[in-house]
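Residue numbers (full-length UniProt numbering): 1 to 356. Just so you know, even glycine gets a beta-carbon here, dropped at the ideal spot from N, CA and C.
Shown next, in the form of structure tokens:
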């Protein structure tokens, strides 16, 4: 074999194994803080373990969801604010689990970057750990990939995978949704993690930098306001399910807004009749609509417009369910009801006007 005289190393090619090891050591306490019954192992192995029996399930059905954060990552990168985007990542997955009546059990993340910065990586994983703690699931593993040539310096991507469980026979939606059932909305924390390609275009049109005061909230910068993390609804909803048994269906209002997400949980023959005047629209949406000249119908099919989760319940249970959710810290609004869906008509209809 010919002598190799150039002495190249993996680090010379742009991959720093030592930086990866440093990051793993820094995040171990964060990961350890997310332990829960069924998950008590350390990260660093080839796979994460979870014991369903130790978690208290007898005849579980597993429910899985995966998602990313979309181009909200560009706002994080350009504003230098990395400590909450991990919460978004977890929220987008676990909120999709709870709408099916499942309790989130564990989470795994995928973090890819062109050049690993342990400080940046630890901030991101810290957000992931916080999101896991807020939703009661364990962060049992993940992957950090340093990929020079695939991403520009400073750029990164995030994806996540969550698994939950529900006892057999307790999955949602239930089979008894009916005309007249009440729609309750839970307030969002802001834009959450959808529509950011449009958000970034509007910011560009405004001429503002992410370090400028937010026009709709001068107490924080525009970047800080837009990086407000997605609200995690898991614990209040699970508590309400167990306390009242009154939730028939749930819809997580993500990309596609009301017209795309509500029909996903409704049977054929029923539509959601929404009273737009009942909604309290956060100022960020008014600013986006005004600055971008975005029509109300486009706002409703792109953003949550102030309602991040919709619940369906029987009329007689609406007050009981509202009290249970409010006692758990949620802001609840009575949005409307289910009505008969006529052939060829949309799955969501509106009354009143959106207060933009």
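Residue 172 vs residue 234 beta-carbon contact at 8 Å: no
Buried or exposed: where does residue 295 fall if 16 or more other Cβ atoms within 10 Å of its Cβ makes it buried? exposed
Local Cβ density within 10 Å of residue 126, reported as buried at 16 or more and exposed below that: buried
Looking only at C-alpha atoms, which of 346, 215 and 321 sits nearest to residue 273? 346
Using the rule of at least 16 other Cβ atoms within 10 Å of the residue's Cβ for burial, across every protein chain shown, is residue 297 buried or exposed? exposed
So residue 309 is in the beta strand (DSSP E); what residue range does that whole segment cover? 307 to 313
Within 10 angstroms of its Cβ, does residue 348 collect 16 or more other Cβ (buried), or is it exposed? buried
Quick check on the burial criterion: 16 or more other C-beta atoms within 10 angstroms. Buried or exposed for residue 150? exposed
Count the C-beta pairs between the region 180 to 192 and the region 110 to 128 that are closer than 8 Å, then say yes if the count reaches three, no if not. no
Give the straight-line distance between the Cα atoms of residue 19 and residue 57, rounded to the nearest whole angstrom. 40 Å
Residues of its chain near residue 133, where Cβ-Cβ distance is below 7 Å and the 5 sequence neighbours each way are ignored: 33 and 34
Assign residue 323 to one of three DSSP states: helix, strand, or coil. helix
Whole-Å CB distance - residue 47 paired with residue 141, under 8 Å assumed: 7 Å
By DSSP's criteria, residue 107 is part of a beta bridge. Which residues make up the other side? 139 and 162
In the structure shown, what three-state DSSP assignment does residue 1 receive? For residue 1, the predicted structure reports a pLDDT of 48, less than 50, and the residue's modelled location is therefore unreliable. The matter cannot be settled from this model.
Which residues mark the beginning and the end of the beta strand (DSSP E) in which residue 350 is found? 348 to 351
Identified DSSP bridge partners for residue 157: 112
I'd like to check one pair, residue 287 with residue 215: are the Cβ atoms closer than 8 Å? yes
Just curious, the alpha helix (DSSP H) that residue 238 is in, first and last residue? 234 to 244
Please state the DSSP three-state secondary structure of residue 220. strand
Looking at C-beta atoms only, is the number of pairs between the region 258 to 265 and the region 318 to 330 that lie closer than 8 Å three or more? no
For residue 339, which residues does DSSP report across the bridge? 271
Distance check for residue 342 and residue 71, CA to CA, integer angstroms please. 37 Å
Between residue 225 and residue 281, is the Cβ-Cβ spacing less than 8 Å? no
Measure the Cβ-Cβ separation of residue 109 and residue 89 and say whether it is below 8 Å. yes
Own chain residues within Cβ distance below 6 Å of residue 15, not counting five before or after: 146
Is there contact between the region 244 to 253 and the region 300 to 319, where contact requires at least three CB pairs shorter than 8 Å? yes
My assumption, with CB atoms under 8 Å, is that residue 165 sits in contact with residue 103. Please give the rounded CB distance. 6 Å
In whole angstroms, what is the alpha-carbon distance linking residue 86 and residue 302? 22 Å
Do the CB positions of residue 271 and residue 174 come within less than 8 Å of each other? no
Report buried or exposed for residue 1, applying the criterion of at least 16 other Cβ atoms within 10 angstroms of its Cβ. Only weak support is given to the placement of residue 1: the predicted model assigns it a pLDDT of 48, under 50, and the value that follows is read from those uncertain coordinates. So residue 1 counts as exposed.
Compute the minimum distance between the beta carbon of residue 180 and the heavy atoms of the ligand COA, and state whether it is under 7 Å. As for the ligand COA, it is missing from this structure, which has no ligand bound.
Measure the Cβ-Cβ separation of residue 39 and residue 106 and say whether it is below 8 Å. yes
What is the rounded straight-line gap between the Cα of residue 208 and the Cα of residue 77? 16 Å
Using the Cα positions of residue 379 and residue 221, report the straight-line distance between them to the nearest angstrom. Outside the modelled stretch of the chain, which goes from 1 to 356, sits residue 379, for which no answer is possible.
Pull up the DSSP beta-bridge partners for residue 78, would you. None; residue 78 has no bridge partner.
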